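Okay, so here's the structure we're looking at.
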Amino acid sequence: MGTFGKATAALLSPVPRVSQRGLWGLMLLLSVAVYGSHAPLLTLCKVDGTIPFSSSSVVVLVELTKLVLSLFFLLTWDRQLLGVAVSWHHVVPFALSALLYAANNNLVVHMQLFMDPSTYQVLSNLKIVSTALLYSLFLRQRLCMRKWLALFLLMAAGVSYSLGGLQDPQDSSSPSRMQLHITLVGLLLISVYCLISGLSAVYTEAILKTQALPLSLQNLFLYFFGVLLNLIGHFWSSTERGFLEGFSSWVLVIVVSQALNGLIMSVVMKHSSNITRLFVISCSILVNAVLSVMLFNLQLTLLFFVAVLCIGLAVHLYYGVT
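Spelled out as structure tokens, the structure:
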């Protein structure tokens with residue numbers, strides 16, 4: 000079994016309560032595919048080397064799609080639970096969760112002003128450690144040294160891949176020569192970004208697990224606030240570009256895939272943990288590499304295979320894959 004197969008099999012183990020193991024595995028594989036295909040899809044959307052649409056409008060549509068799907072699932076699969084008692088105590092916590100996610104989405108945009116994209120890709124891997132630290136601290140999940148080593152290997156895999164796991168054969172520059180650039184403000188912003196990223200994920204997991212409500216109803220609360228806050232953010236920072244200006248069929252694929260992935264991650268955090276989510280994101284490197292080679296004729300470098308090795312070792316250390 001290859002590294003990708005081992006990773007997928009390992010991620011199935013933390014969720015014994017899921018009766019249909021095959022469906023669970025399919026969801027994880029789909030999530031890996033969505034994470035890995037996001038960057039290539041954005042590249043396919045570019046016109047003359049630039050993104051022709053508003054990123055904030057895409058975020059709003061993703062949140063709206065998740066809201067509609069959550070309502071659909073609630074009315075079809077959880078209809079018998081519609082009579083469950085719900086108070087504002089159940090609803091309000093999701094407002095903070097949506098606010099944290101919205102803040103992070105905006106931070107990603109502003110960070111580009113203080114560092115180059117390559118630096119962002121490398122340093123954003125620090126959110127693996129920040130998420131694990133907050134997961135251990137706030138959810139009181141003690142992680143042994145073996146598991147911490149596995150998580151640091153995941154971060155090393157992300158850094159290795161970001162530093163030059165892929166190379167354009169038309170580009171004579173070597174990945175090893177890549178120079179990173181970051182300002183003091185950029186360093187502060189990336190630190191805040193990693194902190195909020197981990198906090199939002201762990202806080203959302205805590206809410207989903209502590210409330211005795213159906214997941215589709217919880218998602219309904221979360222994505223209602225997500226649509227509201229992101230709409231405010233879109234019109235607050237909107238330019239003269241129209242809401243749907245520059246949209247194409249590829250943008251529609253991004254919206255639908257990201258919405259489905261968001262719902263899958265809700266299931267993961269409800270029935271497994273954010274650690275599983277971190278492994279899913281790391282495994283998506285493999286999908287990203289395959290698509291980049293197939294679609295854009297990029298070449299794999301030694302750093303890619305270093306990243307794959309780190310992921311394989313991380314899976315072995317954390318889940319005990321043999």
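In this text, residue positions in the sequence shown follow numbering that gives the first Met the number 0: the first is 0, and each later residue adds one. We treat Cβ as the ideally placed atom computed from N, Cα and C, and that holds for glycine. The structure displayed is predicted, hence computed values, not measured ones.
Listed as beta-bridge partners of Gln169 by DSSP are no residues whatsoever. Taking a cut-off of 8 Å on C-beta distances, the segment 50-58 does not touch the segment 294-313, as fewer than three cross pairs fall below it. Minimum Cα-Cα distance from Asn273 among the listed residues Ala94, Leu41, Thr130, Ser54 corresponds to Thr130. Note: Leu299 is bridge-paired with Leu165 in the DSSP secondary-structure output. Boundaries of the alpha helix (DSSP H) around Leu198: 183-209. Membership of Glu244 in any alpha helix (DSSP H) is not indicated, and neither H nor E is assigned to it by DSSP. Excluding residues up to 5 positions away in sequence, Pro51, Phe52 lie with their Cβ nearer than 6 Å to the Cβ of Gly245 in the same chain.
Leu316 is positioned such that its CB atom lies closer than 8 Å to that of Arg145.
Around the Cβ of Cys143, a 10 Å sphere holds fewer than 16 other Cβ atoms; the residue is exposed.
Selection Val201, Ile181, Ser236 evaluated against Leu277 yields Val201 as nearest (Cα-Cα). Phe224 counts as buried, since at least 16 other C-beta atoms from the protein chains shown sit within 10 angstroms of its C-beta.
Rounded to whole angstroms, the separation of the alpha carbons of Gly319 and Leu259 is 29 Å.
For Thr49, the pairing in a beta bridge is given by DSSP as Val46. In this structure the segment 183-198 lies against the segment 102-114, because at least three pairs of beta carbons, one per stretch, are closer than 8 Å.
His233: member of the alpha helix (DSSP H) spanning 214-235, first to last residue. Here Val184 is exposed: its Cβ has fewer than 16 other Cβ atoms, across all protein chains shown, within 10 Å. Distance from the Cα of Leu312 is smallest, within the candidate group Trp147, Met264, Ile181, for Trp147. Ranking Ala38, Asp47, Val314 by CA distance to the CA of Val250 puts Ala38 first. In this chain, the alpha helix (DSSP H) harbouring Gln120 covers 116-122. The three-state secondary structure of Val85, taken from DSSP, is coil. Secondary structure note for Ser129: its alpha helix (DSSP H) is the uninterrupted segment 126-137. Between Val279 and Ser86, the CB-CB gap reaches or exceeds 8 Å. Ranked by Cα distance from Val286, the options Leu25, Val255, Ser36, Arg20 are led by Ser36. DSSP places Gln111 outside both helix and strand once states are collapsed to three, so it counts as coil.
Per DSSP, Ser55 is one residue of the alpha helix (DSSP H) stretching across 54-75. Residue Phe71 holds the alpha-carbon nearest to the alpha-carbon of Leu219 among Val46, Phe71, Leu27, Leu25.
When secondary structure is reduced to three states using DSSP, His270 falls in the helix class.
Leu112 is positioned such that its CB atom lies no closer than 8 Å to that of Ser291. Of all alpha-carbon atoms in Asp47, Leu68, His89, the one lying nearest the alpha-carbon of Thr209 is that of His89.
A Cβ-Cβ separation of about 5 Å places Leu214 in contact with Lys269 under the 8 Å criterion. Taking Ile263 as reference, the option from Lys65, Asp47, Gly48, Cys44 with the minimal CA-CA separation is Lys65. Taking all protein chains shown into account, Gly157 has 16 or more neighbouring C-beta atoms within 10 Å of its C-beta and is therefore buried. In the three-state reduction of the DSSP assignment, Gln257 falls in the helix class.
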